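Residue numbers (my numbering), protein chains in the order written: chain A, 1 to 336; chain B, 1001 to 1336; chain C, 2001 to 2336; chain D, 3001 to 3336; chain E, 4001 to 4336; chain F, 5001 to 5336. Where a beta carbon is used, it is the ideal one built from N, C-alpha and C, also for glycine. For clarity, every value in this text was computed on a predicted model and none was experimentally measured. Note sheet for the following structure.
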Ligand SMILES: [Ca+2]
Ligand SMILES: [Ca+2]
Ligand SMILES: [Ca+2]
Ligand SMILES: [Ca+2]
Ligand SMILES: [Ca+2]
Ligand SMILES: [Ca+2]
Ligand SMILES: [Ca+2]
Ligand SMILES: [Ca+2]
Ligand SMILES: [Ca+2]
Ligand SMILES: [Ca+2]
Ligand SMILES: [Ca+2]
Ligand SMILES: [Ca+2]
Ligand code: NI
Ligand code: NI
Ligand code: NI
Ligand code: NI
Ligand code: NI
Ligand code: NI
Ligand code: NI
Ligand code: NI
Ligand code: NI
Ligand code: NI
Ligand code: NI
Ligand code: NI
Ligand code: NI
Ligand code: NI
Ligand code: NI
Ligand code: NI
Ligand code: NI
Ligand code: NI
């Protein structure tokens, strides 16, 4: 099993949740980025993963590379150069106070990537799946073209293509996103998106009189599939944010005209929600590549995501066995 | 807008909540004191604040001064001298274990303050409001006289007077408190007190057959107002302590014969409840000075208090916009 | 009041709950072991305690000795020698993620203890109670004989004997445990065990159609008592593990054909559950030695156990007065 | 006394000195920048200081503002806007390992500053001295013009102008620096530069057969003064870097055709050398503004710089009395 | 061997050496006091030690008691009551920056001690030596009388009396000290004092034309002995403070008309010098009680003191064997 | 370039240098072992490294594996099973206090390794060099045979064999070591040993009237080479331990009848000396594999070792370029 992911690597600088950024002088820093996070999770499941990005040719870029290597990710095609690594500051929330994100990712090496720097022919060799997200598309016109080129080459080689909408309002408008995403959808096999994406980015007509989340999603996924019959699998989570420290999470997976879902997981305390969605995506992709049935897949993916919320840092760090032990277990009691 | 607050500055020495004081050798220390905390909050709302106190003329007194200055508080009238800064030790509680407070505030510089050291004429110049609390009254006979003098001068200048009962059983008896508080009440416009204060300190007749907290408070506030018609606004919070880590909070404000209240805020986890009452008082005072309607004021004040519980340290650190974003928001989800 | 406890001392090496063991390079370490923990609690209640164990004759053994001494435990009979101290690694769980225990206790000095090293005659002099647990029995055939010898001598001297089943599936099989425990039961006055122990270790017939936990326990305790009429008191807790961070706990005590129980305590957050059972056992033993009535005893013991969960480390650290303040109190609000 | 400083504010992100950046996930962060550091020192000496810069209009810019305010610096003319705050990573060296700096300051708000954003007329009102450094000149062509404009206006108003060469090879070439610096030198009263600057940036003929540092500096300063007779005072330090943890420092001051110097201070351990030069500059400026004799000034400035090396962070934090106590003292023994 | 020490217990609140007190919010706290420190060291050498003091009857007093107990000190005569524990703040120095001490010890429970609270008859029972210092005398007139009484009773019982001058200029004047110390000297067997004490407190004529420290001390000790022939042993250290981080230390011991000294120990880095003198005193007392020859004693005592400087906290923590291994060893190389 | 190293992996548990093990409850832990450390260094120089060891099949063994992988070491032949990982406790010394090592490595999985578990045929495939140390020989008779077998197979394949004497007095006697080492020496090309090893382990006649270290080493290396002409290169360091915090280091390399040496490096402060010898060995091996001249090799190796002393942890973390920058540089000044 071999997966290629493509996207921007970011450094996250985060404060302790009991102080404001202006009161502190300590950051914990993590490397992340949606596509890197997916690669990290998949590597923990034993998948051969190759990650394509561009980082600066300095100590920060080198630290990125070592982070990826320590997670058993193939970095032989990682590009070095450009001005800087994108980063963002997170004033960590807790309880009633929400986390505050301040982006400082403009002018990043990846966002300046040029088409001629990437040799998809060599990168995609031997791959089973290619994954990227809407964040990559948001960063530049050139990146949209590079992504399109990657997807086309993947299609030609019979490699599955996975795409997570990951809409970020701080990066682009719905209108821009809509235009760019509609261009890539015809090449996609697996889509991570939810009903808001359907309405705001794909202009699917709003469902009136809906009864529950399951039915609602089924409607929207079918509508999207009607427009893009190439998309075989849709997935998303439903997250209820009770407070910064308490979330409720459900996983949804649509395949073969049928939606599968999990029961509701209560996550309390939330140690770190960042990367939770990427852990879910990795779980779904792993289930699909393993040809598991949808119910097993959606539980595995949601379990992996729930576990991610108990660890600080963007990347998940659980083996298949550990995720399964969690999804099959009834108690968090110590075994000794 | 210019506010003068008057009271004792304290250093709080607090342990990590997972160990007992006797097991630890690390204190986190904060500067506080009810009146300083109110000043800190008001300064964050953009109010000109002047704080009057007396701290020792040594490195600790200097640190107090710098703390106040870093919070944009006018310290030009801060007195230096005397023996020591009052301090107290807090063995932080968590979950089922409550916090343990050990006071070491006797013989403090402020508690030895002499009338001739304070020039109210110069201090109150240009002020819109004067605020102090029952803690100041509890510290010495002389401080009761100084406070009375301040209130009288404020009255003469048309400056609003605000008083928080803040009864501390470790500092004085109900009987002593009652006597001292009754002397200042005729000069007060805004009173922070609750039904317990009404019964135990002001000897209001107990209400039998009460139905709910709102009606109960209305009865007591009306009774107090009957005796002290000068008091135009009453405010308090209702706090349910589920455990040291989980509180429920409601705000109440009585003005124009009408009580306004908030819904119940669940605070979980409680990072630090100390200063929560002062953040509320500051919010109420800011609403009154801004001539907001009572409903807006009580929500703003309670929201500020709730947010305070998510930060370590006595002083709040939120702007008007941040408090309003919280009171108007429905989710603690990260925005990115 | 003088109590002797006998068992293996262990070092626990534990990670911060927000990282995996493989991601961290920091351990917090604690000394523990079921019987040492009971001694630590009893010493805090003012009991003269003597602890018998064997630790290596090096810096680690010395640190064990100092730990015990700093808890006012008599270490004059603590043996030094052998190869090593047993230790175990705990990857601390939080929320949905459970703690992972990795034992490294094989070949410990205590597990190699020889009968001739222990002089029960001198050790038991003046004692009122002797306490050990099933863990001691699990460690070697020789330790089973040493324990049996200790119990016999205690019986001869009129010293009460207390035994906590503490079955550990990682140490031995139910079959081995059953055989060893049945040999010591005839010498026991106070037994800490639950319905699972009754079924799996003592082969008591399973109760069908049970209605609630209280009735169930009564049935099993009566059945055991029928076989071992020497056992006068049975005790156990019922723990519901909602998540690693949220437990519910009830205490049960059976004496004079009657079961006493507490209401349910919600423990949230759980700071550290290890040692919680030992804190309970110490509370029960203290109540029995103090000739308190069962209701008082079971509430004191459960209260002590609940408080233990709020402290990091195996050993409890509360005085009688502090436990009673907790069991009698209704609020965790700070008193000041 | 009123001083205006002008330059770029930076965030420094620094690792613990016992690990490499790639091995760590913790940064301590400080705010700094040569001109801000000078302002912080001067404020501690009681000088009214006003700092002009531009920071982004987000949580990071706000934190900069609060940092300056907590150091009693006037921020009323601090500009907000643009893309980002310049920052740099420091892998802290120790002993034989040197610190590694990785800049990430490109595209900063300050480096994009436009002439029309700065109203020198209002900023310079009431000032006694204007200070900036070569770093400001290095950042853009526009900043060179803005700086020139500021210096001209200062000259017109009879305000002293101070300039620290602060050549940074990572920011520009010697040739570029030379050209820009020569344009500002005619407006300067006080120059911080050393013999390397004289040779490489001002093309002063190299002194052959020099005997010692004092004579060497005298020669170069006289040569520069011959070209720019407006410069009345020259200052610099001589630093011997024995290792990252052990430096030797001497201060030099040239005025009235005479050079004054200090004895050699051994600094061991060096806690943090960053800001050491700025602490020296502030000391020199304070001595000049106070009309102290050169010997007193150079000892005060060097003492302040030495003390800076014992504190983590860019900004110094000593009063006049504390610096003088150090320069006059013979022992670091505790007084008690 | 049984030793009784008598004096004030203090809490030390100390900052990290890389920040100023006003910049920090973390204190490490230690319990100490000259006489308690001597007791802690002696207990580590296996001596039965009893410590007499008075601490408040609250959580802080209890923590003091547990600290002493964890160091195997007999606290059965420790008094509880009064207003507060004396404490002091230490802004830790490093390198060129000296530590800054701010006392807050006024009104302490011990300083208010009354003669009738101490039953010397029971306390001194079985003792071989009684030790106190000039700090105790400095605290009140009453304490001078209590101390005198203790010494007289000790004399009557044939118990050796030891006294450390420990002059603290922040506590009293030389004149007051002189008067009080001269009253106790006739009862003393072992005196810790140096040539400064001889000149300033005992008015010994200054030695002109002295050649070295050894001769100087010999002269002064002989002069004091001439006045107080009861004093059999004098001891002191000579400390050269190169910087806060680098000291040089020599030990001196005068007995039988002969002075013994050590070579010079370089201490670098100095981790914590507080308690270094007390570790030396304990070493001298232990040598005397063990009837070691002066050379062995002075090396043991100085070695113990040097080791103390490598540990944070007031109390030393080395066994006899560990001190001897240090004094006899030539290398600090790891043995493995 | 491909190198195979073989030896025991250990976990080091180390305290902060300002406290004693018995006073602390925090360990920093590192993975190490002489042969693993050499592999880590070589991997940083870009060498393909394969490490053979046996670790337990649990969370600790897995953490070892991930540590090796994150250092780009091939772990495909790492064995899993057995009872435990060897570990040791280090009470970190500082200044005058030396580090105290307490081993707990008995019964480790590696020490129980059986010949049939290791397939040298597959392991050595493609290797250029095989490296192990005397520690491996010390652990069991079986390991001596396994090592001999490995060396023989290496010889047969034309693979260079490197051996570091690494005598550990806590593991075996000189006599046992002598016997075992003499058996492997005939197969060795590169030997790390010093004059003490020559005298005590190889019974080389002591050199009288030696003049300096260089001549001494030359004599001993020639004597050993006379007995074992197969050894082509000898290397060692000369370390002067001024204190735990200050070392002086020189590198020596003997090849082609000629000894090469470095100047003396002063290391102050010593952050962590453990692994310093292994960093040196890796540097020497890399120089030999790169066919560098002896002078370049010995400076590179010693420079790498010196840099290792500035980092916490056993493994070095410097690239070829970074080591060369250090060996060629004259100053530790920050470049910016
Ligand atoms: Ca991983
Ligand atoms: Ca995500
Ligand atoms: Ca503020
Ligand atoms: Ca409050
Ligand atoms: Ca205890
Ligand atoms: Ca237990
Ligand atoms: Ca300042
Ligand atoms: Ca500088
Ligand atoms: Ca001790
Ligand atoms: Ca001392
Ligand atoms: Ca590496
Ligand atoms: Ca080594
Ligand atoms: Ni959160
Ligand atoms: Ni969250
Ligand atoms: Ni989150
Ligand atoms: Ni709490
Ligand atoms: Ni609370
Ligand atoms: Ni609280
Ligand atoms: Ni738990
Ligand atoms: Ni928790
Ligand atoms: Ni527990
Ligand atoms: Ni430096
Ligand atoms: Ni340094
Ligand atoms: Ni530096
Ligand atoms: Ni010192
Ligand atoms: Ni120091
Ligand atoms: Ni000291
Ligand atoms: Ni060392
Ligand atoms: Ni060291
Ligand atoms: Ni070392």
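By DSSP, does residue 3110 of chain D sit in helix, in strand, or in coil? helix
Can you tell which of E:4206, E:4292, E:4141 and E:4205 has its C-alpha closest to the C-alpha of residue 4183 of chain E? E:4141
In the DSSP assignment, the alpha helix (DSSP H) including residue 202 of chain A goes from what residue to what residue? 195 to 202
Output yes if chain D places a C-beta closer than 9 Å to the C-beta of residue 50 of chain A; else output no. no
Spatially closest choice to residue 1199 of chain B from B:1212, B:1186 and B:1175, by CA coordinates: B:1175
CB contact check: residue 4168 of chain E to chain D, cutoff 9 Å: yes
Could you tell me whether the Cβ atoms of residue 2021 of chain C and residue 5226 of chain F are closer together than 9 Å? no
Rounding to the nearest angstrom, what Cα-Cα distance links residue 4271 of chain E and residue 317 of chain A in this structure? If I take the Cα positions, the gap works out to 39 Å.
Using 9 Å as the threshold, is the C-beta distance between residue 4110 of chain E and residue 4102 of chain E below it? no
For residue 228 of chain A, which of helix, strand or coil comes out of DSSP? coil
Please state the DSSP three-state secondary structure of residue 1170 of chain B. coil
In terms of residue numbering, what span does the beta strand (DSSP E) encompassing residue 3014 of chain D cover? 3010 to 3014
Which residues in the same chain as residue 3251 of chain D place their Cβ atom closer than 6 Å to its Cβ, once the five residues preceding and following it in sequence are excluded? 3237, 3262, 3298, 3301 and 3302
Should the stretch 108 to 125 of chain A be called in touch with the stretch 148 to 157 of chain A, which here means at least 3 C-beta pairs below 8 Å? Yes, the stretch 108 to 125 of chain A touches the stretch 148 to 157 of chain A.
Which residue from C:2076, C:2218 and C:2013 puts its Cα closest to that of residue 2253 of chain C? Nearest of C:2076, C:2218 and C:2013 to residue 2253 of chain C, Cα basis: C:2218.
Of all the residues that make up the stretch 5239 to 5268 of chain F, which are near chain D by a beta-carbon distance shorter than 9 Å? 5265, 5266, 5267 and 5268
Residue(s) in a DSSP beta bridge with residue 2250 of chain C: Here residue 2250 of chain C is bridged, per DSSP, to C:2238.
Which residue or residues does DSSP assign as beta-bridge partners of residue 2219 of chain C? DSSP output for residue 2219 of chain C lists no bridge partner at all.
Nearest neighbour of residue 1032 of chain B, chosen from B:1053, B:1025, B:1201 and B:1016 [CA to CA]: B:1053
Neighbour flag for residue 1299 of chain B against chain A, beta carbons, 9 Å: False, the Cβ-Cβ gap to chain A never drops below 9 Å.
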